[in-house]
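Only one structure is covered here, and it is reproduced in the block below.
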Amino acid sequence: MTRISRFKDLPIGWKLAITFVLTTATALLLATFFFTYTSWQHEKESAKNELLAVANIIGANSTAALAFGDATAAQETLATLRAVPGVLQGVLYDESGNVLANFNRQNPDNQSAKVSAWEINDNIDYQVSSPVVLENDVIGKVVLYATLAPRIQQLLDNLLTVLLASITSLAIALLVAWRMQKSITSPITRITELMQRVSRHHDYTVRSDISQQDEIGTLSDGINQMLDHVQQRDNELEQHRHELESEVSRRTAALKEANEKLKEELDKSAQTEEGLKRAHETLERHHNEFALLSEMNDRLQICHSVDEMKPVISHYTRKLFPEYGGCLYVYNKSTSLVEPLISWRMESDQVREFGHDDCWALRQGHPHLVMDPETDLICPHCAYDQVKPYICVPLIAYGEVMGILHLRLQAETTDDVMPDSFNQLSVSASERLALALANLKLKEALQEQSVRDPLTGLFNRRYMEETIERELARSKRMGSCLGIVMIDVDHFKDFNDRYGHEAGDLVLQELGNYLTRAVRTEDIACRYGGEEFVFIMPGINTENAYARAEELRKDVNNINLKYKGHVLPNISISLGVALAPADGTSTDILLDTADKALYQAKRAGRNQVVMAGNSVNTNTSATNS
Amino acid sequence: MRRILGLMIAACIALPAAAESKESELKAAFVYNFAKFTEWPAFKNNDDSDLNLCLAGNGTLGKVLSNLKGRNVRGHKLNVIKVDSTTEPGDCHILYVSRSEAGNADALMNSLAGEQGLLSISDIDGFTQSGGIIELKVVNNKMRFSINLRAAREADLTLSSKLLRLATTVEE
Numbered sequence: 003m004t005r006i007s008r009f010k011d012l013p014i015g016w017k018l019a020i021t022f023v024l025t026t027a028t029a030l031l032l033a034t035f036f037f038t039y040t041s042w043q044h045e046k047e048s049a050k051n052e053l054l055a056v057a058n059i060i061g062a063n064s065t066a067a068l069a070f071g072d073a074t075a076a077q078e079t080l081a082t083l084r085a086v087p088g089v090l091q092g093v094l095y096d097e098s099g100n101v102l103a104n105f106n107r108q109n110p111d112n113q114s115a116k117v118s119a120w121e122i123n124d125n126i127d128y129q130v131s132s133p134v135v136l137e138n139d140v141i142g143k144v145v146l147y148a149t150l151a152p153r154i155q156q157l158l159d160n161l162l163t164v165l166l167a168s169i170t171s172l173a174i175a176l177l178v179a180w181r182m183q184k185s186i187t188s189p190i191t192r193i194t195e196l197m198q199r200v201s202r203h204h205d206y207t208v209r210s211d212i213s214q215q216d217e218i219g220t221l222s223d224g225i226n227q228m229l230d231h232v233q234q235r236d237n238e239l240e241q242h243r244h245e246l247e248s249e250v251s252r253r254t255a256a257l258k259e260a261n262e263k264l265k266e267e268l269d270k271s272a273q274t275e276e277g278l279k280r281a282h283e284t285l286e287r288h289h290n291e292f293a294l295l296s297e298m299n300d301r302l303q304i305c306h307s308v309d310e311m312k313p314v315i316s317h318y319t320r321k322l323f324p325e326y327g328g329c330l331y332v333y334n335k336s337t338s339l340v341e342p343l344i345s346w347r348m349e350s351d352q353v354r355e356f357g358h359d360d361c362w363a364l365r366q367g368h369p370h371l372v373m374d375p376e377t378d379l380i381c382p383h384c385a386y387d388q389v390k391p392y393i394c395v396p397l398i399a400y401g402e403v404m405g406i407l408h409l410r411l412q413a414e415t416t417d418d419v420m421p422d423s424f425n426q427l428s429v430s431a432s433e434r435l436a437l438a439l440a441n442l443k444l445k446e447a448l449q450e451q452s453v454r455d456p457l458t459g460l461f462n463r464r465y466m467e468e469t470i471e472r473e474l475a476r477s478k479r480m481g482s483c484l485g486i487v488m489i490d491v492d493h494f495k496d497f498n499d500r501y502g503h504e505a506g507d508l509v510l511q512e513l514g515n516y517l518t519r520a521v522r523t524e525d526i527a528c529r530y531g532g533e534e535f536v537f538i539m540p541g542i543n544t545e546n547a548y549a550r551a552e553e554l555r556k557d558v559n560n561i562n563l564k565y566k567g568h569v570l571p572n573i574s575i576s577l578g579v580a581l582a583p584a585d586g587t588s589t590d591i592l593l594d595t596a597d598k599a600l601y602q603a604k605r606a607g608r609n610q611v612v613m614a615g616n617s618v619n620t621n622t623s624a625t626n627s
Numbered sequence: 049m050r051r052i053l054g055l056m057i058a059a060c061i062a063l064p065a066a067a068e069s070k071e072s073e074l075k076a077a078f079v080y081n082f083a084k085f086t087e088w089p090a091f092k093n094n095d096d097s098d099l100n101l102c103l104a105g106n107g108t109l110g111k112v113l114s115n116l117k118g119r120n121v122r123g124h125k126l127n128v129i130k131v132d133s134t135t136e137p138g139d140c141h142i143l144y145v146s147r148s149e150a151g152n153a154d155a156l157m158n159s160l161a162g163e164q165g166l167l168s169i170s171d172i173d174g175f176t177q178s179g180g181i182i183e184l185k186v187v188n189n190k191m192r193f194s195i196n197l198r199a200a201r202e203a204d205l206t207l208s209s210k211l212l213r214l215a216t217t218v219e220e
């Protein structure tokens, strides 16, 4: 395919020459081939015939020699074979098959050379045998062995001659073809070049100068006529173009003028619009900030703890002050220190607790703004930090200082730093934060009051029931045990009667203090009512529950009680232990089971621990009386 | 009695002549072959009469030549005739003169000189000088012959060139 297309792309001259030469070469080759082939066939046939003729002549000439057994004469006759090219050996046999004479081309001297040696000679291509007849009697035979080599040589010589002649005629053909294609293609090439010049330079003034009477002449004339037309059109077109251009430039100037007027008017209106837009943006920003503030306020109000508030504070302050990092510090009355509650976008070493006097805002009771750290007064609590513009706003609610909101610029740009709106916004934010913190504090206090027993400081019965309920659910979920210890002060009624109710209350208070100290972090101590207490131990097994109860019992024995300068006698307690899920899976059953164990302990002589019936070991061996 | 004696003599001669017998056979073959290479004027017009081979003198050759009797030479039946007083030279086409006739060979040849159509052959030394046409002789242990071509022409016989070529000497 490519070859064909490549041939297509050749110049016409080449195409003609190649076709011409290929055709001639093919014809010559074919002729040579057939000539050689038929010659060869003919040679093979004639060689045999000729050899047979020679054999016949030799036979005829040898009749007398054979008849008279004259070997010398026969040898002379055979020697004439030397003149016949291709004959390698000739043998003359007499009537009875004996060799009378022998001609050997390669070994002429040895006339007795064995015939058989020649019969296997590779050079021998063919052989003929001719009987020698005298008077109708066969008196012997002539056998000739010959090679085709001289004839092949002759054929090759002929072939070479033919090939040389072929090449010569091919060269002549090529020359003729080249001359012919020149005469055909040179006018075509000239016309082609003319057309290329026209299309490349758009020069329509050139003309073909070929004056022939054949098809090419007609083509040339046609092209010249066409070029005349084109030139005429081109001139007209050029004129039109000039007219059009001047018209366009006139119109363009007018348009430009009108455009400039329009632009001036547009600029004016744009300026007005810009002012409007800025005002609108400010308004929108204020609106957004207000929305964020009230949203933060709503979220903070429903928080139950300070921990819950932290992410809310961080989230909204980041949004409200996108270019600032900050920290919310809370004032701790018990330590008189200002402690960081939560920080955002601040290095960890920039956030640390400090004293009440280390912040100008706290001391003055109103916001302290530092615009330029080089010249403004810097709070001591951030004096060691890499100085950047910042603001401290005190958190004040219900007339009480709660802490400060510290905001520090983090962005590199100091343009447009802390405008009045920022100042206002930070104050608004701090007001809401202070109020939320104060409300939470109030709420926590109320909560504490509702779950604590005022006398002992332990959790009250309502909280205890909720807790057992919650812990039961959790132990069920975790697959762990829950220990409930019911504790009763021994002979408390007698104690009250003897030393008075105030001494009784003291006993309960001391016991409460002890239990508060004794609890593990996960244990919960509650006052059940009167002189009864409940100790809740989540995730404990039977052995540990018993050991723990025993430990409590022993420790209580050692509590020293003083009342109005008098030393009161030591008290003892009885304990009943129940374990979920072995002894029950509901609050009521568990408490009831523990109570029954406690009753057993009482009956068994008090000051001892009894494990409930279904618990593994109900060992009640109390050593104390 | 004479026959028995003759046989005995023949045996006495035959004993040393085993080689002689072989030579005789060869000579007979030569004579026969000479006939093949010779053209007689008498046979020119497609005559199919017999070819007469006449034998003059005695010797073992006579017997051997007798064996050729009845053979065909150029379409003519070969006839072997022993020459006696009644034999006419004109009846013979070939005359073989035995060595026994060496003494009167010259006289014989003189009497036959110019006889038409008679091919004279002999193994007598100097036969061709005496006017004979073909003389057989042994050269180097091989049978050879010489030809007196003039005599052959006088006898109006045509000898084949092939034959002439084989001859040791050809007298013109």
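One line per chain: the protein sequences are X and S, in this order. Going by the working numbering, the first residue of the first sequence is number 3, and it counts up by one from there. Going by the working numbering, the first residue of the second sequence is number 49, and it counts up by one from there. C-beta: ideal position from N, C-alpha, C; glycine also.
Where X:F494 is concerned, there is no enclosing beta strand (DSSP E), although the alpha helix (DSSP H) around it starts and stops at 494-501.
Taking 7 Å as the cut-off between beta carbons, the residues of the stretch 136-168 of chain X near chain S are L136, E137, in sequence order. Straight-line measurement puts the Cα of X:K321 at about 43 Å from the Cα of X:G459. Residue-level contact check: X:T82 does not touch chain S, since none of the beta carbons of chain S fall below 8 Å from its beta carbon. Within the model, the alpha-carbon separation for X:L295 versus X:V429 is close to 11 Å. Residues of the stretch 48-82 of chain X that bring their beta carbon within less than 8 Å of a beta carbon in chain S comprise N63, T65, A66, A67, A69, F70, G71, D72, A75, in sequence order. Residue pairing of S:F82 in beta bridges, as defined by DSSP: absent, with no partner found. By the C-beta criterion, the stretch 153-164 of chain S is judged not to be in contact with the stretch 110-129 of chain S, since fewer than 3 inter-stretch pairs fall below 8 Å. When rounded, the separation of the alpha-carbon atoms in S:E87 and S:E136 is 21 Å. Just so you know, the alpha carbons of X:C361 and X:S307 end up roughly 27 Å apart.
The C-alpha of X:L427 is placed about 44 Å away from the C-alpha of X:D455. X:P396 carries a strand assignment under DSSP once its states are collapsed to helix, strand and coil. When DSSP assignments are scanned along the stretch 293-349 of chain X, the uninterrupted stretches of alpha helix (DSSP H) that are 4 or more residues long and fall wholly within it turn out to be 308-322.
Take the alpha-carbon of S:K130 and the one of S:R147: they are about 15 Å apart. Any Cβ of chain X closer than 8 Å to the Cβ of S:R122 would place that residue at the interface, and such an atom is present.
With respect to chain X, the C-beta atom of S:K92 has no partner C-beta closer than 8 Å.
By the neighbour-count criterion, in which 16 or more other beta carbons inside 10 Å mark a residue as buried, X:M539 falls on the buried side.
Per DSSP, X:G99 lies in no alpha helix (DSSP H) segment and is marked neither H nor E. Any Cβ of chain X closer than 8 Å to the Cβ of S:S133 would place that residue at the interface, and such an atom is absent. The three-state secondary structure of X:A547, taken from DSSP, is helix.
Look at S:S72: its C-beta is not under 8 Å from any C-beta on chain X. Closest by C-alpha distance to X:V101, out of X:P375, X:I126, X:L146, is X:L146. Within 7 Å of the CB of S:N81, the CB atoms of chain X belong to A69, F70, in sequence order along the chain.
Judged by DSSP in its simplified three-state form, X:Y530 adopts strand. For S:Y144, the enclosing beta strand (DSSP E) starts and ends at 142-145. Contacts between S:F78 and chain X, judged by CB atoms closer than 7 Å, involve F70 in chain order. Of the residues assessed, X:P369 falls on the buried side of the cut-off, its CB having 16 or more other CB atoms within 10 angstroms. Per DSSP, the beta-bridge partners of X:L563 are X:L570. When rounded, the separation of the alpha-carbon atoms in X:V558 and X:V491 is 10 Å. Within chain X, the residues placing a beta-carbon under 8 Å from that of S:F85 are A66, A69, ordered along the chain. The shortest CA-to-CA distance from S:K75 to any of S:R201, S:D132, S:L103, S:F91 is the one to S:L103.
Spatial neighbours of X:G514 in its own chain (CB-CB distance under 6 Å, excluding positions within 5 residues in sequence) are listed in chain order as T458, G459, L460.
When C-beta atoms of the stretch 84-104 of chain X are compared with those of the stretch 161-173 of chain X, fewer than three pairs fall below 8 Å, so the two segments do not count as touching. The Cβ atoms of X:I225 and X:I193 sit closer than 8 Å to each other. The beta carbon of X:A505 lies closer than 6 Å to those of Y565 in the same chain, with the five residues before and after it left out. Of all residues in the stretch 197-220 of chain S, the ones placed with a Cβ closer than 8 Å to any Cβ belonging to chain X are S208, K210, L211, R213, L214, in chain order.
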